[in-house]
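For what it's worth, our numbering labels the leading residue of the sequence shown as 262, then goes sequentially. Worksheet for the structure shown next.
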Amino acid sequence: MQQPLAYLNGELVPADQAVLPVYDAGIVQGATVSETLRTFHHELFRLEEHLDRFTNSLATVGFDIGLETEALAGICRDLVAHNTVSLDTENDLGLVIFATAGPYATYSGQPADRFDAGPTLCAHSFPLPFHLWRTMQAEGLHLVTPSVQQLPAACVDPSIKHRSRLHYYLADREATQTAAGSRAVLLDQQGRLTETTAAGFLLVSGQQVITPAIDSVLQSISVEVIAELCQACDLSLVRRDLWPDDVPDADEALVASTPYCLAPVTRFNSRAIGNGKPGPIYDQLVMAWDRLVGLDIRNQIRHGAANHQQPQMNNDPGNHS
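Put into structure tokens, the structure is as follows:
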């Protein structure tokens with residue numbers, strides 16, 4: 262069986278050797294920007310869009326990794342090509358690429374004004390954990406609004422995809438304590454709904470799919486895909502402020518995220534949304550996503566969940582795209 266590789270600071274290394282020093286600013290300060298991608302049929306989905314957002318995040322925080330987007334794309338494709346050789350054709354990979362600020366001055370002993378060591382750049386992959394999403398896809402997710410709020414834009418620009426996420430951890434912890442198995446959807450300082458700790462949030466009202474205004478949340482690539490699918494399904498995507506009081510009147514609610522694409526939300530603050538079951542617009546959109554990628558997404562999740570204790574590996578590279 263071929264062992265997976267990771268990319269770390271210019272080198273391809275065995276994945277279990279891709280480690281950061283304890284004095285890296287990504288660990289000390291959470292000074293990290295990142296992207297998470299996934300494959301369909303072992304091919305990266307929306308690679309260009311993810312890398313555009315990644316390079317925009319890098320520029321905003323001032324990390325100079327010394328690589329152009331084309332070189333980053335090559336790193337990602339090379340990792341996937343190597344790491345899917347031993348992966349069954351019915352499974353797919355997630356891929357993470359991230360950059361940190363590099364060594365933290367006090368702990369590494371470097372002068373505080375020295376940045377010549379440069380950022381740390383890493384990319385690694387993982388088999389998509391379909392078993393984590395089976396129940397969510399079939400029955401829907403329960404979202405809770407915790408007391409922990411979204412970071413204001415005055416502190417961190419919401420266009421940056423970063424890993425300074427202690428507030429996400431605390432929000433989900435509070436949500437779980439409120440209702441077992443639930444996840445948090447955060448409010449901003451004005452009380453508007455923003456996003457969950459791992460996904461974009463959407464409401465369905467009639468033929469409208471509504472998502473928070475783009476200046477208050479990360480520009481979700483999955484939500485952009487949904488905007489395209491809405492056009493194909495004679496639906497309209499509307500971006501506007503959303504409030505907790507909007508949810509009980511909605512027909513459906515959804516979350517969109519790269520690894521599992523789209524999932525229904527069937528409960529909000531312990532109250533059922535609609536009839537408390539995944540709705541027809543969810544079905545319509547996820548089937549449109551199936552057609553886009555040439556794969557039954559929900560069936561892949563069901564199949565992967567059923568087999569996650571006994572992963573199906575194939576050592577014949579000729580059977581993989």
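Note that the Cβ used here is the ideal one computed from N, Cα and C, for glycine as well. Since the model is a prediction, treat every value here as computed from it, not as a measurement.
Tell me which residue opens and which closes the beta strand (DSSP E) that residue i is part of.
i, result
"I471", "Q469 to T472"
"L515", "E513 to S518"
"S497", "S497 to R500"
"S386", "T381 to P388"
"V301", "Here the sequence assigns Phe to residue 301, which means Val is not the residue at that position. T293 to F301 is the extent of the beta strand (DSSP E) around F301."
"P205", "In the structure displayed, the chain extends from 262 to 582; residue 205 sits before or after that span and is not available."
"V526", "C522 to F529"
"E269", "Going by the sequence as given, residue 269 is Leu instead of Glu. Start and end: L266 to L269."
Under a Cβ-count criterion, where at least 16 other Cβ atoms within 10 Å of its own Cβ denotes burial, should residue i be classed as buried or exposed?
i, result
"Q451", "exposed"
"I471", "buried"
"Q561", "buried"
"E608", "Nothing in the structure corresponds to residue 608, since the chain is present only between 262 and 582."
"T248", "Summary: the structure shown does not reach residue 248, with the chain confined to residues 262 through 582, and so no result is reported for it."
"S531", "exposed"
"Q573", "With a pLDDT of 42 at Q573, under the threshold of 50, the predicted position of this residue should be treated as unreliable, though the coordinate-derived value follows. With fewer than 16 other Cβ atoms within 10 Å, it is exposed."
"I475", "exposed"
"S497", "exposed"
"Q264", "exposed"
"E309", "exposed"
"D449", "buried"
"D277", "exposed"
"L296", "Leu is not the amino acid found at residue 296; the sequence shown has Glu there. Buried, because 16 or more other Cβ atoms sit within 10 Å of the Cβ of E296."
Do residue j and residue i come within 8 Å of each other at the CB atom, strictly closer than that value?
i, j, result
"L447", "E456", "yes"
"L523", "W550", "yes"
"G271", "T361", "no"
"V484", "G461", "yes"
"E651", "G537", "What is shown of the chain runs 262 to 582, which leaves residue 651 out entirely."
"T321", "S420", "yes"
"V486", "I542", "no"
"A432", "T458", "yes"
"H403", "R528", "yes"
"P505", "P525", "no"
Using only CA atoms, which one of the options lies nearest to residue i?
i, options, result
"R426", "A415, Q410, A440 and R552", "Q410"
"L354", "T300, A459, A334 and R532", "T300"
"P408", "F387, R424 and T439", "Checking the sequence, you will find Ser at residue 408 rather than Pro. Of the candidates F387, R424 and T439, the one whose C-alpha sits nearest the C-alpha of S408 is T439."
"L298", "A292, R395, Y268 and V341", "V341"
"L553", "R338, F306, L498 and V274", "F306"
"L389", "D557, D510, E329 and L356", "L356"
"T345", "A267, A533 and Q492", "A267"
"L382", "S347, H428, I326 and A399", "I326"
"L412", "L402, V405 and H423", "H423"
"P509", "L498, C494, G401 and A533", "A533"
"M397", "R563, H569 and M548", "R563"
"V417", "L479, L269 and S443", "L479"
"P473", "I336, R453 and E296", "R453"
"C583", "M548, Q290 and D285", "Here the chain comprises residues numbered 262 to 582, so residue 583 is not present and cannot be evaluated."
"D507", "V283, S369 and L463", "L463"
Which residues mark the beginning and the end of the alpha helix (DSSP H) in which residue i is found?
i, result
"Y284", "Careful: Y284 lies outside any alpha helix (DSSP H) and carries neither H nor E."
"C491", "I482 to A493"
"Y368", "A366 to S369"
Identify every run of the alpha helix (DSSP H) within the stretch 401–477, keeping only runs that are complete inside it and at least 4 residues long; order them along the chain. 427–439
Every unbroken alpha helix (DSSP H) within the stretch 306–353, with a cutoff of 4 residues, ordered by chain: 308–322 and 330–344
May I have a chain-ordered list of the alpha helix (DSSP H) segments no shorter than 4 residues that lie completely inside the stretch 537–568? 541–554 and 558–568
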